[in-house]
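Which chain is which? The protein sequence lines are A and B, in order. If you count the first sequence from 1, you need to add 133 to reach the working numbering. If you count the second sequence from 1, you need to add 9 to reach the working numbering. Beneath this line is the structure, given in structure tokens, with notes to follow.
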Amino acid sequence: MRILFTSLLIISFSYAKSISGYIADKLSGETIIGANLMLENTPYGTSTDRNGFFVITNIPNGKYTLWISHIAYSEKRLSVEIKSENIYLKTIYLQQTALKGQAVTITAKRGNLISKDTDISSFEVDPIILKEVPQFGKDIFKLVKYSPGITVSDIMSPQYYVRGSDPGENLVQLDGMTIYNPQHMLSLEAIFNPYSIKNIEMLVGGFGAEYGGRNASILYLTTREGHKDKTKGEFRPSISGFQGAIEFPVFSNGTAMISGRGLSDIVSLVAMGINNGILDFNSTYQTKLGNTKLRFSGFYARDFIDYDFSRFGLYISDPDLIDYSNGFFTSTSNKAIGLQSRSILAPNLVAEGHVYYSGFAVTNKNFFHFSLRDAVNNVNIILDYETRIRNSVSDWTIKGYLSWFTILNQTIKFGVEQNFISFYNQIGSQDKKSNRASIYLQSLFLQDKIEAGPLLIKLGIRHSGLSSENNWKWEPRTSFALKFGQTTLKGAWGKYYQYITAMNTQDVEISQYLDYYYPLIDKEPLTSIHNIVGIEGKIFNDFDYSVTGYFKDLTTIYRFDYSSEAESAYAYNATLEKGNGTAKGIEFLLRGSWKFLSGWVNYSWSESKRSFPSLQNGKMFFADGDQTHSISTMIMAKLTDVITASTTFKYSSGYPRTWETGIISHYSYDPVKNSFGIYPKQITPAKNNVRYPSLITWDIGWKKKLRSGFGYQLAEFIGTENVWFTMAVKNLLFLRRNPYMYVYIPDYGYYGVGISYFPIVNVGYSIEF
Amino acid sequence: MGKSINQLNIIGLLFFLFIPGCDLPTDPGPLPSTIINTEFNPGHNILGILRIDGITGSSFIRVERAYKVDEVSVSLSSAVVDSAMVTVSWEDTTVVFEYFPQEGVYKNARFIPETGIEYFLEISSDSLPKLTATTSIEKGITIEPSFITISNNHISIIFAGSPTLDLYDVYLVSETDKIHQRIPGDSSAVELSFDLDDVNGTPQTVEIYGYESNLTKYLQSSITIKPQAYHETVTTVENGYGCFGAVQVLKIEL
Numbered sequence: 134m135r136i137l138f139t140s141l142l143i144i145s146f147s148y149a150k151s152i153s154g155y156i157a158d159k160l161s162g163e164t165i166i167g168a169n170l171m172l173e174n175t176p177y178g179t180s181t182d183r184n185g186f187f188v189i190t191n192i193p194n195g196k197y198t199l200w201i202s203h204i205a206y207s208e209k210r211l212s213v214e215i216k217s218e219n220i221y222l223k224t225i226y227l228q229q230t231a232l233k234g235q236a237v238t239i240t241a242k243r244g245n246l247i248s249k250d251t252d253i254s255s256f257e258v259d260p261i262i263l264k265e266v267p268q269f270g271k272d273i274f275k276l277v278k279y280s281p282g283i284t285v286s287d288i289m290s291p292q293y294y295v296r297g298s299d300p301g302e303n304l305v306q307l308d309g310m311t312i313y314n315p316q317h318m319l320s321l322e323a324i325f326n327p328y329s330i331k332n333i334e335m336l337v338g339g340f341g342a343e344y345g346g347r348n349a350s351i352l353y354l355t356t357r358e359g360h361k362d363k364t365k366g367e368f369r370p371s372i373s374g375f376q377g378a379i380e381f382p383v384f385s386n387g388t389a390m391i392s393g394r395g396l397s398d399i400v401s402l403v404a405m406g407i408n409n410g411i412l413d414f415n416s417t418y419q420t421k422l423g424n425t426k427l428r429f430s431g432f433y434a435r436d437f438i439d440y441d442f443s444r445f446g447l448y449i450s451d452p453d454l455i456d457y458s459n460g461f462f463t464s465t466s467n468k469a470i471g472l473q474s475r476s477i478l479a480p481n482l483v484a485e486g487h488v489y490y491s492g493f494a495v496t497n498k499n500f501f502h503f504s505l506r507d508a509v510n511n512v513n514i515i516l517d518y519e520t521r522i523r524n525s526v527s528d529w530t531i532k533g534y535l536s537w538f539t540i541l542n543q544t545i546k547f548g549v550e551q552n553f554i555s556f557y558n559q560i561g562s563q564d565k566k567s568n569r570a571s572i573y574l575q576s577l578f579l580q581d582k583i584e585a586g587p588l589l590i591k592l593g594i595r596h597s598g599l600s601s602e603n604n605w606k607w608e609p610r611t612s613f614a615l616k617f618g619q620t621t622l623k624g625a626w627g628k629y630y631q632y633i634t635a636m637n638t639q640d641v642e643i644s645q646y647l648d649y650y651y652p653l654i655d656k657e658p659l660t661s662i663h664n665i666v667g668i669e670g671k672i673f674n675d676f677d678y679s680v681t682g683y684f685k686d687l688t689t690i691y692r693f694d695y696s697s698e699a700e701s702a703y704a705y706n707a708t709l710e711k712g713n714g715t716a717k718g719i720e721f722l723l724r725g726s727w728k729f730l731s732g733w734v735n736y737s738w739s740e741s742k743r744s745f746p747s748l749q750n751g752k753m754f755f756a757d758g759d760q761t762h763s764i765s766t767m768i769m770a771k772l773t774d775v776i777t778a779s780t781t782f783k784y785s786s787g788y789p790r791t792w793e794t795g796i797i798s799h800y801s802y803d804p805v806k807n808s809f810g811i812y813p814k815q816i817t818p819a820k821n822n823v824r825y826p827s828l829i830t831w832d833i834g835w836k837k838k839l840r841s842g843f844g845y846q847l848a849e850f851i852g853t854e855n856v857w858f859t860m861a862v863k864n865l866l867f868l869r870r871n872p873y874m875y876v877y878i879p880d881y882g883y884y885g886v887g888i889s890y891f892p893i894v895n896v897g898y899s900i901e902f
Numbered sequence: 010m011g012k013s014i015n016q017l018n019i020i021g022l023l024f025f026l027f028i029p030g031c032d033l034p035t036d037p038g039p040l041p042s043t044i045i046n047t048e049f050n051p052g053h054n055i056l057g058i059l060r061i062d063g064i065t066g067s068s069f070i071r072v073e074r075a076y077k078v079d080e081v082s083v084s085l086s087s088a089v090v091d092s093a094m095v096t097v098s099w100e101d102t103t104v105v106f107e108y109f110p111q112e113g114v115y116k117n118a119r120f121i122p123e124t125g126i127e128y129f130l131e132i133s134s135d136s137l138p139k140l141t142a143t144t145s146i147e148k149g150i151t152i153e154p155s156f157i158t159i160s161n162n163h164i165s166i167i168f169a170g171s172p173t174l175d176l177y178d179v180y181l182v183s184e185t186d187k188i189h190q191r192i193p194g195d196s197s198a199v200e201l202s203f204d205l206d207d208v209n210g211t212p213q214t215v216e217i218y219g220y221e222s223n224l225t226k227y228l229q230s231s232i233t234i235k236p237q238a239y240h241e242t243v244t245t246v247e248n249g250y251g252c253f254g255a256v257q258v259l260k261i262e263l
């Protein structure tokens, strides 16, 4: 074995010549993702990765013309000669396309889902969409929810389901740092300022061995590096706060980017005295030391809201009302700081290192106290409901990767990852017991990507486990892509383990805004097996299609047993009930551009079920996020180089919910007074026994560059002409209600409560400098 | 020509706005569709407390009925069942609990439960299924006065738990105030302390309430006010809803 390995090493360094380097924007110095490179008149080519890095391998000696292209940049050709050594070209700069007339089609082409050639069930999105389509509200999650395979179970919640798996199985990473609960609770949008985001990559299944820790999806966000020559930025004032970003050079070989947002719902604050606010702040600093790039990233976000409706109880003039108080308080914070390094050890050997801290904390309190005297029966009717949850997670991670681009067009990647994650969970108003737990999670992976003509195969194995338990798991992963003509057949199979679960509080909280993380110590990890097959191709020159079918076997999942010992249900030694589930579906995606139009439409059919021994005798029931049919579309019309119109539409089958059959009094008991209280409780004999009506939303947007007026003059004063007006009209189908919940009104019947009964108009103003 | 195109555009827009449906704010809106047929099961809904405190007549049973959602317009008082036949039996003895309208419960003024005895409950009334249930406390808790100590502004309490008691509420009671801790049951010694600064006034008694498994399960069951959410109906009775359980009471004067 040793001889074989050494031989391969010698051979690879002897015969497998390669060309590598970075591709970057000439003006800003920002590396370019997805630039295409070809050695003209040869089959050798590749594209830049998320670091803007490329490697073309397996090149025989000779002279070549390297042709570099990207939709937003002018083509470039370079002469290169392969002799006896691999070539590292360092950084090649591309000029942005200057032809005015092309700005329309370029933006149109960029504003689309981009399917990754090598992976099934993964796509990239250029954040330009967030700028051009105002109804997304510059929110990454809103954009993600229009992507194939993504559904929501609660329109009031920012959480999303990917191909039938639970929200707690989604991983969100910012420059490789895992971010816990990456959404603002108040506005339900992502905590990332879109100005700071350079690329959005979504993997919804069958992802390779280099990814671990979550079973359903990876949302990988790459931030901008900053302008290398001058100070640039964006500023968006509004009546509710500010949003801004600035990027600038630091000394001779460094760049930095700082972005921040601070917003408050002024109407709630002034009219109802409800204190609230959201804040997020993101910064990066990047520098080069020889062939090593270093990047420092820092991130902070905070939300708080403090409702107290007790004052409204003063207006209830019932003499039998003994006591009334009702309120809601939540404070959340996210912090992350990290250092990444990327070293070109040799033209075909790259080493990466990363160390980071990421933390999240929440304090959440809901209370409702109501006491009324029933004089007829001489009893107090008491509704006493209070939840108090404090939850935090701290993640220290160190990881290292080695990528070796070698013979037979192979990319061999080896990595090691060590996570130290600690958890804190305190539940209950009376329970003063706080619970702490911590885990050391270790992973190794080896992945080999082989390109042989039209066939690309990725084989990987991941080995992971908690160091406290001698129970390491193998996670084999494989995928392939076979090209024949304009069509590509793709497939993937993989086993996935997840050592942290998230408590599903959908049945106890009015709306679940957050994941409450929970380590699976002394328990089997969450386990799922992905089976995916699909076909992609072109219909016309600028139109692509894909059809993907998947089946996921969720062999191990958990639910929290809320039925008894409620206090301990939230402790780290709580009763977790093990169950299983399945998720299957088929997705159709059509995307493309034509003249000034671009966008996509996707349809999916899916079914997701769960089974737990104590629920309905273990019979399968529809999962909370199950939505049989889903259609979503985004169409952007770049009418001129300064005007963009857009429309987004989404239809999905309703999600399953539990319908009550009756009501009983639930009793509380005061042993000191030997008395009791009663309050109504629904009888729910079966979980998810009804399906809510379908959800339909239609929004339109408009973006225009200002050329006159106060807004333009303000921008001129600052020294720029890049000032934009945006308008979004949401909920156009306001006449058709999307019920969020149903309440029973005596003598009327059930009434479906909707989120909004009128169209919503948002206007915005931004200055780019 | 331009005017008719605009009219067409407006008509087209209205058409698309109305196609998905038209729900005025006063309309109920679209309703869910059924996946699994589930039916309402009528029955008694009770809270039966056998209070082992050495006092006759302190035990009680509250009896109501479950009702359908569309009966919610009826006041909660009509859920009370005041004409049921309520009996408690043990060994060869059966006693009848009478309804006390002032308190809204069924009681027997001469009934005094004890540890080590299993009690059977039966409730019958017109049109509702007969409800049955059992409860007992095999062995009670014991405490020595010397196991209550006061020092450094703290009061420490140690008592021997019982294998048949699953949960304890311990109160420190003054004339005007009380503070409380809830401790999971353990058959070994239970140890806890209170900070005297947390209670107003001078503490006068320590009161220990031990619940057997039925009452523990019921009192700790989760509740939610969220509609259309699944939560198991915790019940410890047969052919009905609610709980029939026992609590042992121990009061120590300080």
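Just so you know, even glycine gets a beta-carbon here, dropped at the ideal spot from N, CA and C. Everything numeric in this text was worked out from a predicted model, so none of it was measured.
Task: Closer than 7 Å at the beta carbon, the chain A residues around Y218 of chain B - done: The contacting residues are P804.
Task: Environment of T388 of chain A [buried if 16+ CB atoms lie within 10 Å] - done: It counts as buried.
Open item on the list: In whole angstroms, give me the CA-to-CA distance for Y239 of chain B and V876 of chain A.
Closed with: Distance between the alpha carbons of Y239 of chain B and V876 of chain A: 15 Å.
TODO: Give me the Cα-Cα distance between G586 of chain A and G178 of chain A, rounded to the nearest whole angstrom.
DONE: One C-alpha to the other measures close to 11 Å.
- [ ] Taking C-beta pairs closer than 7 Å, name the residues in chain A that F168 of chain B reaches, listed in chain order.
- [x] Near F168 of chain B there are no residues of chain A at all, since even the closest Cβ is about 16 Å away, more than 7 Å.
Task: Against chain A: residues of the stretch 33-57 of chain B by CB proximity under 7 Å - done: The stretch 33-57 of chain B vs chain A, Cβ under 7 Å: P34, P37, G38, P39, L40, P41, S42, T43, I44, I45, T47, E48, F49, N54, L56.
Task: Proximity of Q631 of chain A and R347 of chain A at Cβ, strictly below 8 Å - done: Taking 8 Å as the Cβ cut-off, Q631 of chain A and R347 of chain A qualify as a contacting pair.
Task: Within chain A, the residues that D207 of chain B reaches when beta carbons sit closer than 7 Å - done: One finds nothing in chain A with a Cβ atom closer than 7 Å to the Cβ of D207 of chain B; even the nearest lies about 11 Å away.
TODO: Taking D398 of chain A as the reference, give the member of A:D439, A:K365, A:T425 with the closest Cα.
DONE: Closest in alpha carbon position to D398 of chain A, among A:D439, A:K365, A:T425, is A:D439.
Open item on the list: Here's the rule I'm using: 16 or more other beta-carbon atoms within 10 Å means buried, otherwise exposed. How should V246 of chain B be labelled?
Closed with: Label assigned to V246 of chain B: buried.
- [ ] Using a Cβ cut-off of 8 Å, pull out every chain A residue sitting near S67 of chain B, in sequence order please.
- [x] Taking the beta carbon of S67 of chain B as reference, the chain A residues within 8 Å of it are N807, listed in sequence order.
Task: Residues that G795 of chain A contacts on chain C, provided the C-beta gap is smaller than 7 Å - done: Among the protein chains of the structure shown, namely A and B, there is no chain C.
Open item on the list: Can you list, in chain order, the residues of its chain with a C-beta nearer than 8 Å to that of G887 of chain A? Leave out the 5 residues immediately preceding and following it.
Closed with: Beyond the five residues adjoining it in sequence on each side, G887 of chain A comes within less than 8 Å, by CB distance, of R870, N871, P872, Y873 in the same chain, given in chain order.
Open item on the list: Which of the three DSSP states is assigned to F745 of chain A in this structure?
Closed with: DSSP places F745 of chain A in coil when its eight states are reduced to three.
- [ ] Quick one: which residues of the stretch 177-199 of chain B get their C-beta closer than 9 Å to a C-beta of chain A? List them in chain order.
- [x] Within the stretch 177-199 of chain B, the residues whose Cβ lies closer than 9 Å to some Cβ of chain A are D178, Y180, V182, K187, H189, Q190, R191, P193, listed in chain order.
Open item on the list: I'd like the span of the beta strand (DSSP E) that includes A142 of chain B, first residue to last.
Closed with: Start and end: 137-145.
Open item on the list: List, in chain order, every chain B residue whose beta-carbon is nearer than 7 Å to that of L647 of chain A.
Closed with: In chain order: nothing, as chain B lies at least about 16 Å away.
- [ ] Please confirm if Q563 of chain A has its CB atom under 8 Å from at least one CB of chain B.
- [x] Summary for Q563 of chain A: the model assigns pLDDT 46, below 50, so the residue's position carries little reliability; its value from the coordinates is reported in the next sentence. Under the Cβ criterion of 8 Å, Q563 of chain A is counted among the residues facing chain B.
Task: Residue range of the alpha helix (DSSP H) that includes N223 of chain B - done: N223 of chain B -> alpha helix (DSSP H) spans 222-228.
TODO: Could you name the residues of chain A that L228 of chain B contacts, counting a contact when the two beta carbons are closer than 7 Å?
DONE: Those within 7 Å of L228 of chain B in chain A are Y802.
Task: V805 of chain A - DSSP class collapsed to helix/strand/coil - done: Here V805 of chain A sits in coil by DSSP.
Open item on the list: Is K148 of chain B close to chain A? Criterion is C-beta to C-beta, closer than 8 Å.
Closed with: With 8 Å as the cut-off, K148 of chain B does not count as an interface residue toward chain A.
TODO: Compute the distance between the beta-carbons of G38 of chain B and F120 of chain B, then report whether it is under 8 Å.
DONE: No, the pair does not count as a contact, with Cβ atoms beyond the cut-off.
- [ ] Please list the partners that Y108 of chain B has in chain A, where partner means a Cβ-to-Cβ separation under 9 Å.
- [x] Contact note: Y108 of chain B does not reach chain A at a C-beta cutoff of 9 Å; the least C-beta distance is about 11 Å.
Task: Rounded straight-line distance, which links the Cα of N409 of chain A to that of S786 of chain A - done: Straight through space, the alpha carbons of N409 of chain A and S786 of chain A are spaced by roughly 34 Å.
- [ ] Taking only the alpha-carbon atoms, compute the straight-line gap between Q961 of chain A and N821 of chain A and give it to the nearest angstrom.
- [x] Nothing in the structure corresponds to residue 961 of chain A, since chain A is present only between 134 and 902.
TODO: Closer than 7 Å, Cβ to Cβ, to anything on chain B: give me those residues from the stretch 876-891 of chain A, in chain order.
DONE: For the stretch 876-891 of chain A, which is checked against every Cβ of chain B, the residues closer than 7 Å are V876, Y877, P879, D880, G882, Y883, Y884, G885, G887, Y890.
Open item on the list: Once DSSP output is grouped into helix, strand and coil, what is the label at K752 of chain A?
Closed with: When DSSP states are grouped into helix, strand and coil, K752 of chain A belongs to the coil group.
Task: Cutoff 8 Å; reference S601 of chain A; Cβ partners in own chain excluding five residues on either side - done: Answer for S601 of chain A: I572, Y573, I654, listed in chain order.
Task: Counterpart residues of L917 of chain A in DSSP-defined beta bridges - done: Residue 917 of chain A falls outside the range modelled here, since chain A spans only 134 to 902, and no answer is possible.
Task: Unbroken beta strand (DSSP E) run spanning K269 of chain A, endpoints - done: According to the sequence shown, residue 269 of chain A is Phe rather than Lys. Going by DSSP, F269 of chain A is part of no beta strand (DSSP E) at all; its letter is neither H nor E.
Open item on the list: Would H240 of chain B pass as an interface residue toward chain A - the criterion being a Cβ-Cβ separation below 8 Å?
Closed with: Flagged as an interface residue toward chain A: H240 of chain B, by a C-beta distance shorter than 8 Å.
Task: Contact belief for T463 of chain A with T420 of chain A at Cβ below 8 Å, rounded distance in angstroms - done: The Cβ separation is near 39 Å, so there is no contact.
Open item on the list: At 4 residues or longer, what runs of the alpha helix (DSSP H) sit wholly inside the stretch 802-886 of chain A?
Closed with: The qualifying runs are 843-851.
Open item on the list: For T164 of chain A, count the other beta carbons within 10 Å of its own beta carbon; 16 or more makes it buried, fewer makes it exposed. Which is it?
Closed with: Under this definition T164 of chain A is a buried residue.
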